[in-house]
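Novice:
2 protein chains.
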Amino acid sequence: MTRHDAFDLRDTLKTLFVERGAAPEVAAITAEVLVEGDLLGHHTHGVKLANGYLKDLAAGHASGDPARLEIHQTSPVAALFDGHYLLGPYLVRRALDQCREAAATFGIGMVSLKRSHHIACLAAYLQPLVEANLMPLILTSDPAVASVAPFGGLDRVYTPNPLAIGIPGREQPLLIDVSMSTITNGTVAKTRAAGERLAHPAILTGHGEASADPEDYFAEPPGSILPLGELAFGHKGFALGLMVEALTSALSGFGRKDSPEGWGASVMVMVIDPAKFGGTDAFLDETDHLARQCHGSRPADPERPVRLPGEAALARRRAAMENGLELPQDVLDSLREAVQGSSLAGQTAFG
Amino acid sequence: MTRHDAFDLRDTLKTLFVERGAAPEVAAITAEVLVEGDLLGHHTHGVKLANGYLKDLAAGHASGDPARLEIHQTSPVAALFDGHYLLGPYLVRRALDQCREAAATFGIGMVSLKRSHHIACLAAYLQPLVEANLMPLILTSDPAVASVAPFGGLDRVYTPNPLAIGIPGREQPLLIDVSMSTITNGTVAKTRAAGERLAHPAILTGHGEASADPEDYFAEPPGSILPLGELAFGHKGFALGLMVEALTSALSGFGRKDSPEGWGASVMVMVIDPAKFGGTDAFLDETDHLARQCHGSRPADPERPVRLPGEAALARRRAAMENGLELPQDVLDSLREAVQGSSLAGQTAFG
Chain A
3 MTRHDAFDLR
13 DTLKTLFVER
23 GAAPEVAAIT
33 AEVLVEGDLL
43 GHHTHGVKLA
53 NGYLKDLAAG
63 HASGDPARLE
73 IHQTSPVAAL
83 FDGHYLLGPY
93 LVRRALDQCR
103 EAAATFGIGM
113 VSLKRSHHIA
123 CLAAYLQPLV
133 EANLMPLILT
143 SDPAVASVAP
153 FGGLDRVYTP
163 NPLAIGIPGR
173 EQPLLIDVSM
183 STITNGTVAK
193 TRAAGERLAH
203 PAILTGHGEA
213 SADPEDYFAE
223 PPGSILPLGE
233 LAFGHKGFAL
243 GLMVEALTSA
253 LSGFGRKDSP
263 EGWGASVMVM
273 VIDPAKFGGT
283 DAFLDETDHL
293 ARQCHGSRPA
303 DPERPVRLPG
313 EAALARRRAA
323 MENGLELPQD
333 VLDSLREAVQ
343 GSSLAGQTAF
353 G
Chain B
3 MTRHDAFDLR
13 DTLKTLFVER
23 GAAPEVAAIT
33 AEVLVEGDLL
43 GHHTHGVKLA
53 NGYLKDLAAG
63 HASGDPARLE
73 IHQTSPVAAL
83 FDGHYLLGPY
93 LVRRALDQCR
103 EAAATFGIGM
113 VSLKRSHHIA
123 CLAAYLQPLV
133 EANLMPLILT
143 SDPAVASVAP
153 FGGLDRVYTP
163 NPLAIGIPGR
173 EQPLLIDVSM
183 STITNGTVAK
193 TRAAGERLAH
203 PAILTGHGEA
213 SADPEDYFAE
223 PPGSILPLGE
233 LAFGHKGFAL
243 GLMVEALTSA
253 LSGFGRKDSP
263 EGWGASVMVM
273 VIDPAKFGGT
283 DAFLDETDHL
293 ARQCHGSRPA
303 DPERPVRLPG
313 EAALARRRAA
323 MENGLELPQD
333 VLDSLREAVQ
343 GSSLAGQTAF
353 G
């Protein structure tokens with residue numbers, strides 16, 4: 003398999019976004035965040051998304067113009083961003099920067115972001131803040147999509163609603179990025195396209211049964227994605243999904259009630275500085291202690307020692323930065339399609 | 003079954019706490035929060051706890067002296083509370099009051115609370131803030147206890163780690179209170195005491211298998227409580243459990259690394275005011291819309307329509323306030339024991 007240089011990939015993507023009218027800073031940040039997704043191993047939420055972003059830029063649904071961002075600063079620590087469908091990675095980075103500045107003085111900063119375009123892989127934003135001993139938090143929902151049913155119900159109402167948080171540690175920082183559903187829309191689509199079955203029954207059929215067949219999601223009556231906790235404990239995943247809805251769409255004032263269309267996101271971004279609470283050193287000591295306790299827990303399967311959230315992703319990232327990044331065929335195909343419509347056609351490894 | 007008046011119960015508990023040396027305001031708040039737990043139907047985390055709190059007051063591990071609370075205010079929106087094992091309900095109420103004041107000006111207030119005594123039922127704190135159109139958030143872990151193993155591991159490392167959030171709504175406010183594990187320590191103990199099996203396999207045996215037998219938790223090698231998501235998706239519940247550890251113990255600077263003993267809690271309290279983000283009316287409109295969508299989802303079982311988090315609890319509360327509160331036998335037994343050691347012996351419905 004061909005290995006790609008992460009910096010070359012970023013340059014390629016940046017060029018593609020600029021050619022579709024994005025400002026250089028918007029293009030650069032979006033390119034960086036997408037490649038970061040693949041570096042961490044989240045190939046459904048990395049470079050593969052570029053083609054869709056480019057199409058939305060061409061169609062005028064997504065914007066690459068930073069002047070469109072409207073900031074309502076209501077206090078030194080709180081702001082509402084109206085993103086007017088600017089590319090999501092740029093908006094999330096701007097929100098994180100602002101929260102980081104507030105946190106340096108106040109211990110916390112928080113931005114509620116409405117009408118963002120898609121924000122890609124949440125884990126891709128965490129590392130720079132974690133390395134500065136800060137805790138970034140990102141929650142998101144897409145008010146234009148419904149794929150998860152409320153616990154006990156059959157009709158889709160909300161989205162997988164992921165939550166990401168970075169936890170600083172000296173030995174092993176934790177990068178958490180989990181949806182409040184069993185699986186994401188992307189996994190359903192990818193598994194179906196490959197003609198495969200899901201690893202676990204994560205679909206609720208239109209008749210109320212758990213199923214590992216992604217076709218059941220698209221059947222008549224339609225299925226839905228099971229909340230985290232599935233049939234036994236799904237009331238908890240449902241509650242956590244509603245929490246994300248409230249902290250994203252409701253808090254931003256723009257959500258399902260507004261019947262938005264097209265790719266979008268409601269987002270909450272927060273940065274917490276442990277220095278303003280129990281102190282950075284004590285925080286790091288506690289993370290290190292907890293990480294050692296987890297690693298020290300005897301594995302159920304001797305071949306598979308306990309792994310902390312982000313541990314495998316950060317190892318993959320180190321290897322990819324050193325030896326080059328391997329991209330799955332579907333990502334390459336998507337990138338090739340994007341390159342062919344640009345001035346780079348015939349001049350890159352992607353055709 | 004005898005029905006009890008909630009106000010009488012509060013008075014009884016308040017008297018018991020005052021007789022064990024708690025200041026009247028500490029005693030009153032603790033009594034109110036415990037009774038509130040039962041009103042909402044959470045009988046393992048209500049009045050039943052009083053006896054244990056009283057014993058810890060007598061033993062000197064818990065304190066009822068509000069002067070022991072040490073507040074390190076590091077910014078107008080951030081504070082570290084050192085609770086010195088004051089009764090938890092008093093500390094959490096103080097933290098919520100402080101966060102509420104900060105949120106009125108800044109949109110957000112946050113307190114990290116270390117060395118609290120046990121904080122009872124998290125849902126019991128939410129309603130007054132939700133009725134003021136605010137979002138309270140409470141997260142807690144107990145650094146002296148380990149009952150959940152890291153995903154893939156067999157040795158217990160951390161606690162169920164609940165998260166509570168109140169979401170204002172005109173038609174149906176949401177009260178969320180869920181642990182990041184399948185079940186709580188209390189449910190394991192209660193089911194075992196009753197000689198019953200759990201409703202679902204929520205125990206991981208010491209050999210790595212899921213089990214519904216609570217005895218497997220106490221067997222040799224010992225079992226643990228499965229994280230939310232169980233064997234298939236437990237990596238998500240594990241990640242969320244670590245998030246709560248970080249936002250509570252690590253952030254407060256006091257945790258498992260300090261090997262604390264006895265009943266205690268690390269707590270994070272936050273209050274968010276939607277008025278400082280997308281606006282209160284838009285927030286309420288979105289909650290109402292989402293609640294209607296959920297209620298409108300066709301039920302998998304026609305006998306069991308979709309219920310929102312807190313919906314059943316609030317209905318129970320209304321009925322109990324109107325017709326009196328029914329307490330399970332184990333709660334009554336525990337209360338009787340507490341009353342018998344007090345000046346109230348022979349003067350109440352509890353002997």
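Residue numbers (this note's numbering), protein chains in the order written: chain A, 3 to 353; chain B, 3 to 353.
Don't be surprised by glycine CBs; every beta carbon is placed ideally from N, CA and C.
At least one CB of chain A closer than 9 Å to the CB of Ser-77(B): is that the case?
Specialist: Taking Cβ atoms only, chain A reaches closer than 9 Å to Ser-77(B), which makes this a yes.
Novice: How would you label Thr-4(B), buried or exposed, when you count the other beta carbons within 10 angstroms and need 16 or more for buried?
Specialist: Flag for Thr-4(B) reads exposed.
Novice: Name the residue from Val-159(A), Ala-195(A) and Ser-254(A) whose alpha carbon lies nearest to the alpha carbon of Pro-229(A).
Specialist: Minimum Cα distance to Pro-229(A) is reached at Val-159(A).
Novice: Does the beta carbon of Phe-279(B) sit closer than 9 Å to a beta carbon anywhere in chain A?
Specialist: True, the Cβ-Cβ gap to chain A drops below 9 Å.
Novice: Taking only beta-carbon atoms, is Thr-350(B) less than 9 Å away from chain A?
Specialist: For Thr-350(B), the answer is no, since every Cβ of chain A falls outside 9 Å of its Cβ.
Novice: Please go through the region 120–167 of chain B and give each complete beta strand (DSSP E) segment of 3 or more residues, from N-terminal end onward.
Specialist: For the region 120–167 of chain B, whole beta strand (DSSP E) runs of length 3 or above, ordered along the chain, are 137–143.
Novice: Give a yes or no on whether 9 Å exceeds the smallest Cβ distance from His-237(B) to chain A.
Specialist: Yes, because at least one Cβ of chain A sits closer than 9 Å to the Cβ of His-237(B).
Novice: Here's the rule I'm using: 16 or more other beta-carbon atoms within 10 Å means buried, otherwise exposed. How should Arg-96(A) be labelled?
Specialist: It counts as buried.
Novice: Counting only Cβ pairs nearer than 7 Å, list the residues of chain B close to Lys-116(A).
Specialist: Correct list: Gly-280.
Novice: Tell me where the beta strand (DSSP E) around Pro-111(B) begins and ends.
Specialist: Sequence check: residue 111(B) is Gly here, not Pro. Looking at the DSSP string, the run of the beta strand (DSSP E) that includes Gly-111(B) is 110–118.
Novice: Could you confirm whether any beta carbon from chain A is found closer than 9 Å to the beta carbon of Gly-154(B)?
Specialist: So yes, Gly-154(B) belongs to the interface.
Novice: Residues of chain A with CB under 7 Å from Leu-71(B), in chain order?
Specialist: Result: empty, since nearest Cβ-Cβ is about 16 Å, beyond 7 Å.
Novice: If you measure beta-carbon to beta-carbon, which residues of the region 234–265 of chain A are closer than 9 Å to chain B?
Specialist: Listed by position along the chain: Ala-234, Phe-235, His-237, Lys-238, Gly-239, Phe-240, Ala-241, Leu-242, Leu-244, Met-245, Glu-247, Ala-248, Leu-249, Ser-251, Ala-252, Leu-253, Ser-254, Gly-255, Phe-256, Gly-257, Arg-258, Lys-259 and Asp-260.
Novice: Measure the CB-CB distance between Met-182(B) and Pro-152(B) and report whether it falls below 9 Å.
Specialist: No, they are not a contact pair.
Novice: If you measure between the beta carbons of Tyr-87(A) and His-119(A), is that distance less than 9 Å?
Specialist: It is a contact, given that the beta carbons lie within the stated cut-off.
Novice: Just to confirm the assignment: which complete beta strand (DSSP E) runs, minimum length 3, are found wholly within the region 224–270 of chain B?
Specialist: List check, beta strand (DSSP E) in window: nothing returned.
Novice: Find the nearest neighbour of His-74(A) within the set Gly-266(B), Gly-281(B) and Val-94(B), judged by alpha-carbon distance.
Specialist: Selected option, being the one with the closest Cα: Gly-281(B).
Novice: Within this structure, are the beta carbons of Thr-76(A) and Phe-279(B) separated by less than 9 Å?
Specialist: In this structure, Phe-279(B) lies closer than 9 Å to Thr-76(A) by Cβ.
Novice: Which runs of the beta strand (DSSP E) fall wholly inside the region 33–113 of chain B and span at least 3 residues, in chain order?
Specialist: Runs found: 72–75 and 80–84.
Novice: Please name the residue in Leu-82(A), Tyr-92(A), His-63(A) and Asp-84(A) whose C-alpha comes closest to that of Leu-36(A).
Specialist: Of the candidates Leu-82(A), Tyr-92(A), His-63(A) and Asp-84(A), the one whose C-alpha sits nearest the C-alpha of Leu-36(A) is Tyr-92(A).
Novice: Leaving aside the five residues before and after Ile-205(A) along the sequence, list all residues of the same chain whose C-beta is less than 8 Å from its C-beta, in chain order.
Specialist: The residues are Val-190, Ala-212, Ser-213, Ala-214, Asp-215, Pro-216, Asp-218, Tyr-219, Gly-225, Ser-226, Ile-227 and Leu-228.
Novice: Rounding to the nearest angstrom, what Cα-Cα distance links Lys-16(B) and Pro-26(B) in this structure?
Specialist: Near 7 Å, if we compare the C-alpha coordinates of Pro-26(B) and Lys-16(B).
Novice: Roughly how far, in whole angstroms, is the beta-carbon of Ala-267(A) from the beta-carbon of Asp-144(A), given that I think they are within contact range, below 8 Å?
Specialist: At roughly 5 Å, the Cβ-Cβ gap stays under 8 Å, so Ala-267(A) and Asp-144(A) are in contact.
Novice: Assess, as a yes-or-no matter, whether the region 171–179 of chain B is touched by the region 307–314 of chain B under the definition of 3 or more beta carbon pairs within less than 8 Å.
Specialist: Touching, per the Cβ criterion.
Novice: DSSP on Val-180(B), reduced to helix/strand/coil?
Specialist: Val-180(B) falls in the strand class under three-state DSSP.
Novice: Please state whether DSSP places Glu-328(A) in a helix, a strand or coil.
Specialist: Three-state DSSP puts Glu-328(A) in a strand.
Novice: According to DSSP, is Ala-351(B) part of a helix, a strand, or is it coil?
Specialist: Coil at Ala-351(B), not helix or strand.
Novice: For Met-270(A), is the classification buried or exposed, using 16 other Cβ atoms within 10 angstroms of its Cβ as the cut-off for buried?
Specialist: It counts as buried.
Novice: Between the C-alpha atoms of Gln-349(B) and Glu-339(B), what's the straight-line distance to the nearest angstrom?
Specialist: Looking at the two C-alpha atoms, the distance is approximately 13 Å.
Novice: Against chain B, does Gly-210(A) count as a neighbour if the rule is that its beta carbon must be under 9 Å from one of theirs?
Specialist: Interface residue, yes.
Novice: In chain A, which residues lie less than 8 Å from Glu-313(B) when you measure between Cβ atoms?
Specialist: In chain order: nothing, as chain A lies at least about 11 Å away.
Novice: Roughly how many angstroms lie between the CA atoms of Gly-90(B) and Met-245(B), to the nearest whole one?
Specialist: In a straight line, the C-alpha of Gly-90(B) is about 21 Å away from that of Met-245(B).
Novice: Where do the N-terminal and C-terminal ends of the alpha helix (DSSP H) with Phe-19(B) fall, by residue?
Specialist: 8–21 is the span of the alpha helix (DSSP H), which, as asked, contains Phe-19(B).
Novice: Applying a beta-carbon distance threshold of less than 9 Å, which residues of chain E neighbour Ser-213(A)?
Specialist: You won't find chain E in this structure, because its protein chains are A and B.
Novice: For Thr-142(B) and Arg-319(B), I'd like the C-alpha separation in whole angstroms.
Specialist: Approximately 24 Å, taken between the alpha carbons.
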